[in-house]
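Each remark here refers to the structure printed beneath this line.
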Amino acid sequence: MKSQLIREKICSSAQDTIDLAKELKEVFKSGDCITLNGNLGAGKTFFVKCFGRLFDIDDVKSPTFTLVNNYHIGPVHIQHLDFYRINDIKELEGIGINEILAADAISFIEWGSLFPAVLPDSYYSIEIEHSDDLRKFKVCKNEN
Ligand SMILES: Nc1ncnc2c1ncn2[C@@H]1O[C@H](COP(=O)(O)OP(=O)(O)OP(=O)(O)O)[C@@H](O)[C@H]1O
Ligand SMILES: [Mg+2]
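Per my numbering, numbering of the sequence shown is gapless, rising by one per residue and ending at 159.
Structure (C-alpha cells):
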C-alpha cells in the first residue's frame with residue numbers, strides 16, 4: 016500500500032472546514048472513493064455536509080442507520096456511506112458494496128478503514144483528529 020499525503024490542515028472553526036471542503040472539491044471527482052476516519056464526533060458527517068453544500072445539497076444527514084444515502088444534483092451524484100454498524104464483511108457484500116462503489120459518483124465512507132478489503136485499489140482517506148475545538152485533517156491518496 017502506497018500512501019501520499021496531499022493536504023494537512025488544522026481547523027479551528029466551521030468556516031475552516033468549509034474552506035477545506037472547497038479546496039477538496041477541486042480534487043475529488045466522480046468515481047472517487049473517500050474514507051473518513053476518526054473518533055465518534057470527530058466531524059466526519061460535518062465534513063460531508065460542508066462538501067454537499069458546495070453542490071447545493073442542504074440535507075446531508077448521517078448514514079449511520081441507513082448505511083447509504085444518495086444525493087443527485089443535476090449530473091452530480093454523491094453517495095454517503097457509514098461502516099460503523101457493519102459487523103461482518105458479508106453484510107457489505109449483501110448490500111452489493113462492489114456495485115455501489117463502482118458507481119459514477121463521489122463516494123464518501125465514514126469509518127471506511129474498518130473494512131479495507133472492499134475499498135477500490137485507489138482511494139482517498141481523510142483522517143480527523145479531534146481535541147477540544149481543534150480538528151486536524153489529514154488527506155491522503157492511497158494505492159494498493
Ligand atoms: N469542523 C467543525 N467545526 C465545528 N463543529 C463541528 C465540526 N465538525 C463537527 N462539528 C460538530 O461536532 C458534532 C459531531 O460531528 P459529526 O456528527 O460530524 O461527527 P462524526 O465524526 O460524523 O461522528 P460519528 O462517528 O458519530 O458519525 C456535530 O454537532 C457537529 O456539528
Ligand atoms: Mg457521522
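We put the CB at the ideal spot given by N, CA and C, even for glycine.
Member of R22, K17, G53 and D119 whose CA lies at the smallest distance from the CA of L129: Per the Cα distances, G53.
Pair within 7 Å by beta-carbon distance, F152 and K24: It is a contact, given that the beta carbons lie within the stated cut-off.
Spatial distance of R100 from L107 (CA atoms): Distance between the alpha carbons of R100 and L107: 11 Å.
7 Å Cβ cutoff met for T32 and I124: No, Cβ-Cβ distance for T32 and I124 is not below 7 Å.
Residues of its chain near K40, where Cβ-Cβ distance is below 6 Å and the 5 sequence neighbours each way are ignored: Excluding positions up to five away in sequence, the list reads L69.
Alpha-carbon to alpha-carbon, H92 and Y86: Cα to Cα, Y86 sits roughly 6 Å from H92.
I121 and D47 closer than 7 Å at C-beta: Yes, the Cβ-Cβ distance between I121 and D47 is below 7 Å.
C-beta contact flag for W126 and F98 at 7 Å: A distance below 7 Å separates the beta carbons of W126 and F98.
Sequence-ordered residues whose beta carbon comes within less than 7 Å of a heavy atom of ligand 4: Ligand 4 is not part of the structure shown, which contains ligand 1 and ligand 2 as its ligands.
Sub-7 Å separation of S137 and C155 beta-carbons: Not a contact, by the Cβ cut-off of 7 Å.
Nearest-angstrom Cβ-Cβ length linking H95 and V63, presumed shorter than 8 Å: Approximately 5 Å separates the beta-carbon atoms of H95 and V63; this is inside 8 Å, confirming the contact.
Closest Cα partner of S18 within the set L82, E142 and D71: When each option's Cα is compared against that of S18, the closest is E142.
Near ligand 1: R32 beta-carbon under 6 Å from a heavy atom: According to the sequence shown, residue 32 is Thr rather than Arg. True, at least one ligand heavy atom lies under 6 Å from that Cβ.
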